[in-house]
Amino acid sequence: MRMLGFLLQKEFIQISRDKMILLLLFLITVILLFILPPAAKVKTSKIALSVVDHDRSTTSASFLRKLTSSNQFVIGAYVNSYDEGLAVMEENKTSGILEIPKGFEKNIMERTAAPILLEIDAVNGVTAGLSSFYFLQIMERYIWEYIDGFGFQPGFRLESQEEILARVEAEAQAEMMKRARAEAESQARMAREQSLMIARAEAEQAQMEAEASQQKMPESIETAVTRKVNEGMGAEAVAVPGFAMNTNVPDVDIPLIEKPAEANFEQVRMIVNNRYNPDGESSLYQIPSILAILVCLIGTVLSALNIVTEKENGTIEQMNVSPVKRSAFIFSKIIPFWVIGMVILTIGLIIVWLVYGIVPRGSYGSIYIVSFLFLVAMVGFGILISTACRNQQQAMLLCFFFLLIICLLCGMWTPIDSMPAWARVIADINPLRYYVQMMRLFFAYGSELRHVLPQIGMLCVFIVVFNGWAIWNFRKAK
Amino acid sequence: MKIKTFIDQFFAFTQKEFFHILRDRKTLLVLIVLPITQLLIFGFALNSNLTEMPTAVLDLSNDPLSRQVVAELDASTTFHVIGRVNSMEEVDELFKAGKLSQAFVFMPGFEKSIKQTGTGNMQVIMDASLGINSSTLESHILVILLKFQQRMNADREIPIQIIPEVKMRYNPELSSAFHFVPGVIGIVLMLVCSMMASLAIVKEKESGTMEVLLVSPIRPPVIILAKLVPYLIVGMFNIVIILLISVFILKVPIAGNIILLFFIGTIFTLSSLALGIMVSVLTKTQRSAIIVSIAGLMLPAIVMSGFIFPLDVLSPAMRVVVHCMPVTLFISAARNIMIKGLGMVAVYRELIWMAVITVVLIVISIKCFKNRLS
Chain A
1 MRMLGFLLQK
11 EFIQISRDKM
21 ILLLLFLITV
31 ILLFILPPAA
41 KVKTSKIALS
51 VVDHDRSTTS
61 ASFLRKLTSS
71 NQFVIGAYVN
81 SYDEGLAVME
91 ENKTSGILEI
101 PKGFEKNIME
111 RTAAPILLEI
121 DAVNGVTAGL
131 SSFYFLQIME
141 RYIWEYIDGF
151 GFQPGFRLES
161 QEEILARVEA
171 EAQAEMMKRA
181 RAEAESQARM
191 AREQSLMIAR
201 AEAEQAQMEA
211 EASQQKMPES
221 IETAVTRKVN
231 EGMGAEAVAV
241 PGFAMNTNVP
251 DVDIPLIEKP
261 AEANFEQVRM
271 IVNNRYNPDG
281 ESSLYQIPSI
291 LAILVCLIGT
301 VLSALNIVTE
311 KENGTIEQMN
321 VSPVKRSAFI
331 FSKIIPFWVI
341 GMVILTIGLI
351 IVWLVYGIVP
361 RGSYGSIYIV
371 SFLFLVAMVG
381 FGILISTACR
391 NQQQAMLLCF
401 FFLLIICLLC
411 GMWTPIDSMP
421 AWARVIADIN
431 PLRYYVQMMR
441 LFFAYGSELR
451 HVLPQIGMLC
461 VFIVVFNGWA
471 IWNFRKAK
Chain B
1001 MKIKTFIDQF
1011 FAFTQKEFFH
1021 ILRDRKTLLV
1031 LIVLPITQLL
1041 IFGFALNSNL
1051 TEMPTAVLDL
1061 SNDPLSRQVV
1071 AELDASTTFH
1081 VIGRVNSMEE
1091 VDELFKAGKL
1101 SQAFVFMPGF
1111 EKSIKQTGTG
1121 NMQVIMDASL
1131 GINSSTLESH
1141 ILVILLKFQQ
1151 RMNADREIPI
1161 QIIPEVKMRY
1171 NPELSSAFHF
1181 VPGVIGIVLM
1191 LVCSMMASLA
1201 IVKEKESGTM
1211 EVLLVSPIRP
1221 PVIILAKLVP
1231 YLIVGMFNIV
1241 IILLISVFIL
1251 KVPIAGNIIL
1261 LFFIGTIFTL
1271 SSLALGIMVS
1281 VLTKTQRSAI
1291 IVSIAGLMLP
1301 AIVMSGFIFP
1311 LDVLSPAMRV
1321 VVHCMPVTLF
1331 ISAARNIMIK
1341 GLGMVAVYRE
1351 LIWMAVITVV
1361 LIVISIKCFK
1371 NRLS
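Protein chains in written order, with the numbering used here: chain A, 1 to 478; chain B, 1001 to 1374.
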C-alpha cells in the first residue's frame, strides 16, 4: 500500500511536468464543447421546393400559400418546367420539386380528381419521409379548408364568427363592385357577350352564397364543440394529478385534423407532449452526451498510451527488476487518469452550465458517481490496450478501431433498437452506451440512482472484466 | 539544376519512406483491414428506420374505442406496447428508468367524447433523445390514426380530391445505407489518414532521427511531401477497396462517374494527410499527436460533417466553420456523385475548396517546420 503511494506520487509528478499534454486536454475539451453543440441540432429545417406551376390559377396560388404558411416548406425557386426544377435541385438549392399540372383549378372546381406531383430528394430517407408526410398533412388540411370556404385565405388561422361574417360580407361586396365594373365595360363593348357574362356572374355568386351559408351552420357547432372540449380537459386535469405539472409546459400540437368538426365526423386528435425535450432540439440530451463521449475518448486514449510509452522508452525494464507488485504498478498507472477524467468532466459540466444553461434535473452527485464508474471501466480498457501493444502506433490504431465503434454504436446517433441483431450485441457490450443513456436520464428526466441500477450493474461488470484482464495481461517478464 | 536536385531528393526520400512502410507489414495490413472492417460494421449497423419502439399505454378511459386505437398502434411494426400502466407516476418511472421511447395517454371518457363531440384526444409523450426521430414517430402515429379514422367515417365522402404523386428521387426505398455509407467512407478515411500522418514527423523527433534530417541537405518541403506520398498511395488503394465493398456488399450503387469519385477521394485523402502532417509538425511527442488526432478529431468528424446532423439548419457562422473541414466537403460531394449521379458541375466547389484547404495546411506545415530548423 505504501508502495502504491510512492508510485502515485511519481506518476503525478510526471504528469504535472508534461504541461503540454494538460494544456492540450484542456483546449480540446473547451474548443469541442464550444463548436460541437451548435452543430448538433436535430430539428428539421424548412424544406425548400422548386415550384413548377403550369396552372397559374387562384387555386394553385392559394395552395402554394397554404404550403408556405405551414412553416415546413418554403419556395426556393419558381421555374417554368420540370427540367429547370431538376437543375435547381441538383445544385442543392432546393430539396424537392412540386409540379402543379395544367387544369388543377378546373379539376377542383369540377370535383374531379386533381393530380399533383411532388418529387423529393431522398438521399436522407428520414427527412424525405417526413417531407412527404408534412406535404400530405398540409394537403389534407387544405382540402378541408377549401371545402369549408377558407380556401382563398392567405395565412390561415381560425377566425371568430364575427370576423368570418365580416370577411364574407366584405368579399361579397368587393366581388359585386368588381363585377359591376366589368359589366359596365363589357356592356360598352359587346352586347352579345354581356348576357353571357351576367349569367356566369350570377351563377358564381349563387354558388358563393350557397357556400357561405353552408359554412355558417357547422361553424357555430364547432365553437360550441371547442368550448365543450376545453371544459372537459380542464376538469380532467384536476382529476388526474400527474397532469397538473404539465399544464405550464407548452405542448407541441400537430394539428393534422384541425378542420372544423362536424357532428357526423369522428376524429382522434393527437396531442404531442415533448415534456422531456423543451426546446425541440433535444439539447438537454445532446450536449451532455457529447460531453460523455469526450470524457470517454480522452480517458481511453490517455490510458492506452501510458504503459506502452514506458515500454518504448525502456523505463519499464526498471519496473520489472524492482520489487513492485504488478497490481500496485497497474493501479499507480490507472488512478491518475481517474483524476484527470473527473477534472475534465467538471470543466465540461461548468461549460455546459455557463454557456448553454443546462443543468441536470437529477443530482450532480449521481452524475459524478456514474461518471466515476464509467471512467474506471474505460481506463481499465485503455490500460488493457496498453499492455497488449508494443509501441504507441499500435496502441493508436487499436484505440481508433475500438473507439470509433464505441462512439458510433452508442445509440446516440441511430437508435439501437433498429440495428441488426449482431450490432445490438456489440451495443450491449459497449460501456459508452450505458453511460450516455444514464447521462440522458439524469439530465433530461431527472432520474435517480435507483432507476439506473441495471446500467450501474453493467458498468461494474465492465470494471471487473477490463481491469482484471489488464492486470492479468501485464506480465513483468517477457 | 535546382529543380533537378529537388526532384532527385524527393524521389530518394520517397523511396526511403516506402521502405519504412513496406517493412512494417503488420501495420500496413492493419491500415488496409481496419477501414474495411469499420465500413462493413457501420454500413450494416447504422439504420435510422424505427422499429419496435417501446411504448407504454396509460388508458384512463379503457373503452372499446381506445383499446382499438392502441391495438392498431401496437399492430404496426413501429411500436411495441410493453405494458399498460395505471398512473402518470408509473409513466414517469418508466421514462426515468430509460425503458420507454414514448407513452400514449387517453383521458377518461375517450369514446364518449368522440361520440358526442366528434373529437377524442390522445396524448403522446415523447422521449427527448429521439431527436429528429420523434417527428418520424409522430408521423407514423398520425398515419395510423388517419387510417383508423377513415374506417370510422367510411360513409362520409370527401367532395374534392387532390391526388398527390410523391416520388422519392435518388433513393426510392428510403434506404438508410444510401445516406450513411458516403458518410462512413468520409469519416473512416479521414481519421485513418490523419492519424497515420500525425505520427510521421513527430516519430522522427522522438526517436532522434530528426537530427539526421536536420543536418542533411534535404529541404523541409521535400521531407513533408515525400512523407505524404506513401500514405497517399495506401489511401488510394483503400478508396478502391472501400468503393468495391460499398457497391458489392453494402449494395449502394455508384450512380455517377466513378473516376470523378475516385479523384475527389484522392484529393480528400491528401487533405486529411496534410491535416495529420500539420498536427505532426506542431506537436512535440507522439502522445500529444495521438491525443489530438483521436480525441480532437473524431467527434468533430462525426458531429460537424453532415454525417448525422443536417447542415442546413446551422447558423451562417457555423456553416462556414463546418465547411472548413475537408470531411464535410467530401461527404457532400460523395453523396452528389454516388447517390445522385451528378457530374462535375455539382461538385467543383467542394473540389476547389478541398484543394485550397490542402495547400494551406501543407504550407503551414512547411512554414512551421522551417522554424524548428533554425
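In this text, a Cβ means the ideal position worked out from N, Cα and C, and glycines have one as well.
Three-state class that DSSP yields for residue i in the structure shown
i	result
H54(A)	coil
R269(A)	strand
M1318(B)	helix
P1253(B)	coil
R433(A)	helix
R111(A)	coil
V79(A)	strand
L24(A)	helix
R440(A)	helix
V1215(B)	helix
K19(A)	helix
P241(A)	Note that P241(A) has pLDDT 29, beneath the 50 cutoff, so the model's placement of it is unreliable and no number is given.
K1377(B)	Because chain B here runs from 1001 to 1374, residue 1377(B) falls outside it and cannot be looked at.
C1168(B)	The question names Cys, but residue 1168(B) is Met in the sequence shown. Residue state, collapsed to three classes: strand.
L1342(B)	coil
I138(A)	helix
V465(A)	helix
CB contact below 7 Å: residue i versus chain B
i	result
D121(A)	yes
F26(A)	no
N273(A)	yes
W338(A)	no
G5(A)	no
N230(A)	For N230(A), the predicted model reports a pLDDT of 38, less than 50, meaning its position is unreliable and no value from the coordinates is stated.
Y356(A)	no
N473(A)	no
G314(A)	no
I15(A)	no
H451(A)	yes
Cβ-Cβ separation, residue j to residue i (assumed contact under 8 Å), whole Å
i	j	result
I385(A)	I330(A)	That belief does not hold up - the Cβ atoms of I385(A) and I330(A) are roughly 13 Å apart, past 8 Å.
L1199(B)	Q1123(B)	Their Cβ separation, rounded to whole angstroms, is 56 Å, which puts L1199(B) and Q1123(B) out of contact at 8 Å.
V1240(B)	V1181(B)	Incorrect: roughly 15 Å between the Cβ atoms, too far for contact.
G341(A)	V272(A)	Wrong, their Cβ atoms sit about 38 Å apart, outside the cutoff.
S1176(B)	N1047(B)	5 Å
F73(A)	I47(A)	5 Å
I1141(B)	L1065(B)	Contact doesn't hold; Cβ gap of about 16 Å is too wide.
V1030(B)	T1055(B)	Incorrect: roughly 44 Å between the Cβ atoms, too far for contact.
Y356(A)	S283(A)	7 Å
I426(A)	L409(A)	6 Å
M1298(B)	T1269(B)	That pair is no contact at about 18 Å.
Chain A contact for residue i (CB, 7 Å cutoff)
i	result
N1121(B)	yes
A1097(B)	yes
I1291(B)	yes
T1269(B)	no
A1295(B)	yes
E1090(B)	no
V1222(B)	no
I1241(B)	no
V1247(B)	no
Query raised in the report: Is it true that the segment 95 to 108 of chain A meets the segment 49 to 61 of chain A, where meeting means three or more beta-carbon pairs spaced less than 8 Å apart?
Result: yes
Query raised in the report: Taking the runs of the beta strand (DSSP E) that are 3 residues or longer, which of them lie wholly in the segment 1098 to 1157 of chain B?
Result: 1102 to 1106 and 1119 to 1126
Query raised in the report: Would you call the segment 1305 to 1318 of chain B and the segment 1329 to 1337 of chain B in contact, with 3 or more CB pairs under 8 Å?
Result: yes
Requested in this report: List in chain order: all unbroken beta strand (DSSP E) runs of 3+ residues lying wholly within the segment 303 to 327 of chain A.
Outcome: none
Report task. Identify every run of the alpha helix (DSSP H) within the segment 1002 to 1056 of chain B, keeping only runs that are complete inside it and at least 4 residues long; order them along the chain. Result -> 1002 to 1023 and 1025 to 1045
Query raised in the report: On the three-pair Cβ rule with 8 Å, is the segment 436 to 455 of chain A touching the segment 360 to 373 of chain A?
Result: yes
Report task. Examine the Cβ distances between the segment 1237 to 1246 of chain B and the segment 1216 to 1223 of chain B and report whether three or more of them are shorter than 8 Å. Result -> no
Query raised in the report: Counting Cβ pairs closer than 8 Å, one from the segment 313 to 325 of chain A and one from the segment 453 to 471 of chain A, do we hit at least three?
Result: no
Query - Within the segment 353 to 421 of chain A, ranges of the alpha helix (DSSP H) (whole runs, at least 4 residues) - result: 364 to 388 and 392 to 408
Query raised in the report: Do the segment 1060 to 1078 of chain B and the segment 1280 to 1298 of chain B meet, that is, are 3 or more Cβ pairs less than 8 Å apart?
Result: no
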